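Single-structure report; data block below.
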Amino acid sequence: MTPATTFVGSPVSRVDGPAKVTGAAVYAADFDIPHLAHASIVQARVPAGRIAAIDTRAAEAAPGVLAVMTHETTRRLPWHPRDPRPGVDPKAGERLHVLQDDVVRYDGQPVALVVAQSEEQARAAADLVRVDYAPTAARTRFDVAYARAPSEATAKAGRPGDTSRGDPEGAFAQAPVRVDVPFVQPREQHAAIEPHATIAAWDEDGRLTLWDKSQWVDNVRTEIAHVFGLAEDRIRVISPFVGGAFGSGLRTWPHVTLAALAAERVGRPVRLALTRRQLFTNTGFRPHTESRVRLGAFPDGRLTAILHEATGQTSTYEEYAETTLTPARQLYACPNVATRYRLLDMNVNTPSPMRGPGAATGELFLETAMDELAHALGMNPLELRRANLAKTDPDSGKPWSSNALAACWDQAAARFGWADRPRTDEARRAGRERIGSGMASAFYPAHRAKARARVTLYANGGAMIQAATSDMGPGTYTALSQVAADALGLPLEQVRVEIGDSALPPAPAHGGSITMATLGNAVANACAALRETLGADGEGDLTPALRRSGRDSAAAEGASSPGKEAQEYESAAFGAVFAEVRVDPELGTVRVARLVGGYDVGRVVNPKLARSQCIGGMVQGIGMALSEEAVFDRHCGRVMNANLSDYLVPVCADVGALEAFFVESDDRVFNPLGVKGLAEIALCGVAAAIVNAVYDATGLRMREVPVTPERIVTAQAARGR
Amino acid sequence: MREAIRFGRNGTVREVRDVHPRTTLLDWLRLGERRTGTKEGCAEGDCGACTVALGRLVDGRVVYEPVNSCILLLGQCDGADVVAVEDIAADGALHPVQEAMVTHHGSQCGFCTPGIVMSLFTLYEEGERPVGRDAVNDALAGNLCRCTGYRPIVDAALDACATAKDRRFEAHREAAACALGEIAADGADLFMRDEGRFFAAPASEESLAALLARHPDATILAGATDVGLWITKSLMEIEKIVWLGRVASLRETRSTPETLTLGAMVSHADAHAALAAIDPDLGELMRRFGSIQVRASGTVGGNIANGSPIGDLPPALIALGAKLHLAGAKGTRTLPLEDFFLGYRQQDREPGEYVRAVEIDKLRRHDAFRCFKVTKRLDEDISAVMGAFRLHLEGRRIARARIAFGGMAATPKRAPLAEAALVGLDLDDELAWAPALDALAQDYRPMSDHRASAEYRAVVARNLLFKALAEIAGDAGLRIAPRPAGLAAE
Ligand SMILES: Cc1cc2nc3c(=O)[nH]c(=O)nc-3n(C[C@H](O)[C@H](O)[C@H](O)COP(=O)(O)OP(=O)(O)OC[C@H]3O[C@@H](n4cnc5c(N)ncnc54)[C@H](O)[C@@H]3O)c2cc1C
Ligand code: FES
Ligand code: FES
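Going down the list, the sequences are from chains A and H. Under the working numbering, the residue at position 644 of the first sequence is numbered 629, and the numbers go up by one with no gaps. Under the working numbering, the residue at position 69 of the second sequence is numbered 59, and the numbers go up by one with no gaps.
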């Protein structure tokens, strides 16, 4: 009998669940490679300068040490430019040429590498390397006075310095109601629980295999090929399981190069696992960003002016920029809009995309300002949003391929009970605590990229799907199995998915919420192509057709790439988030009692996966609002809390009642599968909703996250004076 | 004398004699045994990815607790049964918590999952039924998950623990009891390797004192929740380790109507109930002490001897009134707990001396007690400020007061001026409290660090004293000892 072809849309359990709960899933650091040696990084202890002298004798003499590599003893690598640069790389500047010169660009930069028999020996010896620095002036203080406009290359890539439509300054000056809101979002870290690790092994023919933690194995291969001047087919990158990344695994970081260099030097496979502390400075982070939002409105709430300025930090050697100001241009209908984006070069390592890059930050700024505007207008914050719904993309004038934001607002408000929220001082009091409610909109542009996938069907009814994409957690294994099972007419358990290997058909970065919209369609197309090859018609189990053909197996490839819809339409995921907080005004503690998020993410391939994604994102939003901040000491230019006991990600008890749901949506204009992507949107809007709720509870306008007990108590004291 | 570490693995006794004294259980599992199911996320006890279950014989039965294997030295497994994530699916059938984690989608990336499974495993096997959301929160306080938002994991836990306990693991437990019984029977001092570099675990206080006299430079090891970090984080090259885990007399708890005496090696988990019985605030303090893993390993003696300015127990015990018992080759001595702390990370302890026990003065008639821990994150967070208050009341008048704070000075410290200013005050006259509140500013000169600024600490200390007074004034009838029966427990 043909199984019902309805896996897409149903809440099947994760296919890799059993491997994960038994410890059988293998992550980068787990691979058991014979003759493995271990490497440990020595990090710079000044934020800027030159290495005056480096003494490796004690380290070399330490037990088990195989090699100590410094810029003086490491061979020069070609570091060929990438053309074009991959989407995940900054558009200007040059990547860190690790161990190639004596320049220190930031505190924590690798300045030497120790390779030893065991990891403990490598770390102990790394501690013995003596480095003398000739420090130079460093920019370690965030001061917008030194900010500059982005380069042309960055501007062209959707991060322009200045944009304007209508007459923003004029409209603002004339607006009957105005707010002017500064805001600070600090540096945040991805803080995935798996640290980055790479094992590098060269074979006798000079071929390199890398077992790496990566969201984009193809890019690791291409990057290392360029760094070492190798042909791409000499390199293979393997990454079957990724222990969370949220963007930290998009680029190929210098430690991958170091692992390959070390393996080359000692003639053995080498593992380089970054310590939790090293992760803060050897992979990216969400950049510290400061903003000013000015909004002007008519008394009925219609926006007449949006002026949004933001300055983000980048490193001194690469120009990392974000789409922080995109929401200001696209989220609401407003005729007069100006944005100004600036960058501040600092002695830090280069930032990188972190979940909801740009949008999450921009919406924190915009949506807290919208709340201030609602209060200035004496208007229900939800009504203010409704009064400004953008029926088409206000920036380009193009239609949305789909937009159910209004449904998100309505349904999430209803589920939250927004109309009945406590509104008097009396009702907002629960013992010593104050109750507050807040809301925000969420928006994240949807994209697709090019990908291929291969399907192989076997006469015994098994099928194999292969593509070089990854699964850092959202459930690529499961969702692709569902698509293939439907398309091949097979039970789910007969489909196997193989990903995370650069030897498989090429895939784009597993990030930016594009994986399903891209790979899902490639898999569907591969299955359709196979059906055609086998001369079978539209639906049902394909194995009988294969058997009829007399073959043991048959394979086909399918591709997917954006079509003309990308020119004709604007596509985005939308959402609405409502938060209830409890604040203890004397101790300053904030607890998120409830969060309700309603999302328009297109078709939902697996409600179980999707809900889990959204709830996970919402909890990261709690962290963004209340606890996460990489504390950067501006005197020594160092992150002071580079560990998980001081960089505070939410724990189970921080999480109150959470509800995530999906409004009716199916975007077949955007792509045949109808999905829009849902990883990034889940973080957007959450922090703003919480900050707005804190205002509702306390009357304190917090204009810097995280809203820590200390900041509440200080604000309270300032108000008291 | 025994020269090998002996512990239980899947029903058999494992002997290990050639590892470095500093080897952690995690490294032994992952690198030594090539069992990579147990993960390393931080190597500092913060994330829980490395959680395994450690079983110890209690009255003939093996009782399991979750521990952070990244900061637990292999030698501390001596006499215990080690259960890792690969060990609980019997004959290919998943353990009920594994099953529930799959069904409820408790993994995304899956990297936290082995640790979470092991925390839930001990909740399932040892927790009392019914298991509610609070118990699940406690069980998971030491496990960070960056992907799922915890909800699916909580659902999995509640679901798995909703039905009657599956008895499959009992066979393992019984086999382990045999193995551990065999190890316990030897009663011998453990001394692995040589005089220059060793892991030792004397079996009595006499051997302990003698060993410490011979090696006054050795590091005393209790639960390793501090020392483990010196090794993994500070890369301290500790070569001589004297673990107190085999000295039975240091694990004793004695309770009289007036005092509670906790042996230095009583773990926070084991001290929890006895402290909660003195006052519910102490119970809550212990519930929020680190995580369940940290409480299973960490000890009362370690928290005191470590001398951290932000340790949670010392201020609470100082406010209650406590005596510290020390012992060494020269004999024993006793001093008020506050006198033990001399300066930043400096204590009144001679080389070769060790903490035996702390003797706590229980609350008497007309005593009231409060303690508060202020953190950014609700659970598993180090205090910015920790304040503890004991008042003796005569009617509505304060007759005596003891106040101690952590996080306000280089050591846990009393507030003599505020204490004096409180004496004679009326609980009902809020305005009269001001001089006592103001006096805190003279008692303490707090520091600024990345956890909190000095100004904030000062404001919070003041607010905490106010909160304590207001609470005691408010429910004086209810929470002034002796409390009516039934209110003592949490
Ligand atoms: C994740 C995490 C969370 C934590 N959270 C908290 C918290 O919330 N509150 C808090 O207060 N602490 C916390 N800690 C710190 C630590 O858990 C406690 O200080 C604990 O009580 C230490 O006990 P231990 O048995 O592990 O000591 P160990 O690490 O074994 O020893 C600590 C120190 O005391 C010495 N020592 C131990 N026992 C004796 C003895 N009997 N005689 C003489 N010297 C001795 C050791 O030589 C060492 O110097 C946390 C630690 C971690 C890793
Ligand atoms: S590895 Fe993080 S607690 Fe052990
Ligand atoms: S599933 Fe990724 S950290 Fe928990």
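Idealized CB from N, CA, C, for every residue including glycine. All of these numbers come straight from a predicted model, not from anything done at the bench.
Three or more pairs of CB atoms, one per stretch, sit closer than 8 Å, so the segment 57 to 71 of chain H contacts the segment 23 to 35 of chain H. Interface criterion not met: the Cβ of L668/A is under 7 Å from no Cβ in chain H. The criterion of a C-beta distance shorter than 7 Å is satisfied by G213/H and T289/H. A290/A sits away from N334/A, with the two beta carbons spaced by 7 Å or more.
Distances from the CB of F188/H to the heavy atoms of ligand 1 are all 6 Å or more. Taking 7 Å as the cut-off, the Cβ atoms of E613/A and P491/A do not count as close.
In the structure shown, the three-state DSSP call for I268/H is helix. Neighbours of N127/H in chain A, taken as residues at a C-beta separation under 8 Å, are given in chain order as C637, A638. The alpha-carbon separation between R335/H and R277/H amounts to approximately 25 Å. For V450/H, the enclosing alpha helix (DSSP H) starts and ends at 444 to 464.
T296/A has its CB no nearer than 6 Å to any heavy atom of ligand 1. Approximately 6 Å separates the beta-carbon atoms of R360/H and E461/H; this is inside 8 Å, confirming the contact. Distances from the alpha-carbon of R90/A to those of E665/A, N677/A, I675/A, G622/A put G622/A closest. Annotation: Cβ neighbours of V92/H in chain A (cutoff 9 Å, chain order): S(-2), R(-1), G2, P3, K5, V6.
Around the beta carbon of R271/A, 16 or more other beta carbons lie within 10 angstroms, which makes this residue buried.
Listed in chain order, the alpha helix (DSSP H) runs fully inside the segment 0 to 56 of chain A are 2 to 6, 42 to 46, counting runs of at least 4 residues. Interface with chain H (7 Å Cβ-Cβ cutoff): R704/A is excluded. Residues of chain H whose Cβ lies closer than 9 Å to the Cβ of A109/A are, in chain order, L225, E227. For V679/A, the enclosing alpha helix (DSSP H) starts and ends at 671 to 683.
Q479/A counts as buried, since no fewer than 16 other beta carbons sit within 10 angstroms of its beta carbon. Using a cutoff of 6 Å, the CB of R136/H counts as near ligand 3, since one of the ligand's heavy atoms is closer than that. A Cβ-Cβ distance of about 16 Å is found for the pair V87/H and R(-1)/A, leaving them out of contact under the 8 Å criterion. For the segment 572 to 599 of chain A, the full-length beta strand (DSSP E) segments reaching 3 residues or more read 574 to 585 along the chain.
Excluding the 5 residues flanking it on each side, T353/A has same chain C-beta neighbours closer than 7 Å at V166, F168, A673, V676, N677, in chain order. Listed along chain H, the residues sitting closer than 8 Å to V616/A by beta-carbon distance are H440. A residue is listed when its beta-carbon falls short of 6 Å from at least one non-hydrogen atom of ligand 2; in chain order these are E30/H, G31/H, C32/H, A33/H, G35/H, D36/H, C37/H, G38/H, A39/H, C40/H, N58/H, C60/H. Between R437/A and A507/A, the CB-CB gap stays under 7 Å. Distances from the CB of F101/H to the heavy atoms of ligand 3 include at least one below 6 Å. What N626/A touches in chain H, judged by beta-carbon distance under 8 Å, is H440, going in chain order. By the C-beta criterion, the segment 23 to 32 of chain A is judged to be in contact with the segment 249 to 258 of chain A, since at least 3 inter-stretch pairs fall below 8 Å.
In chain order, A(-6), I(-5), L64 place their CB closer than 7 Å to the CB of V6/H, counting only its own chain and leaving out the 5 sequence neighbours on each side.
Counting only residues of its own chain and dropping the five nearest sequence neighbours on each side, D117/A has a CB closer than 6 Å to the CB of A37, A38.
Annotation: the continuous beta strand (DSSP E) that includes I350/H extends over 344 to 351. Straight across, the Cα-Cα distance linking L417/H with E274/H is about 24 Å. Beta bridge pairing from DSSP links C361/H with A378/H.
Along the segment 287 to 326 of chain H, the alpha helix (DSSP H) occurs as fully enclosed runs of 4 or more residues at 290 to 295, 303 to 310, listed in sequence order.
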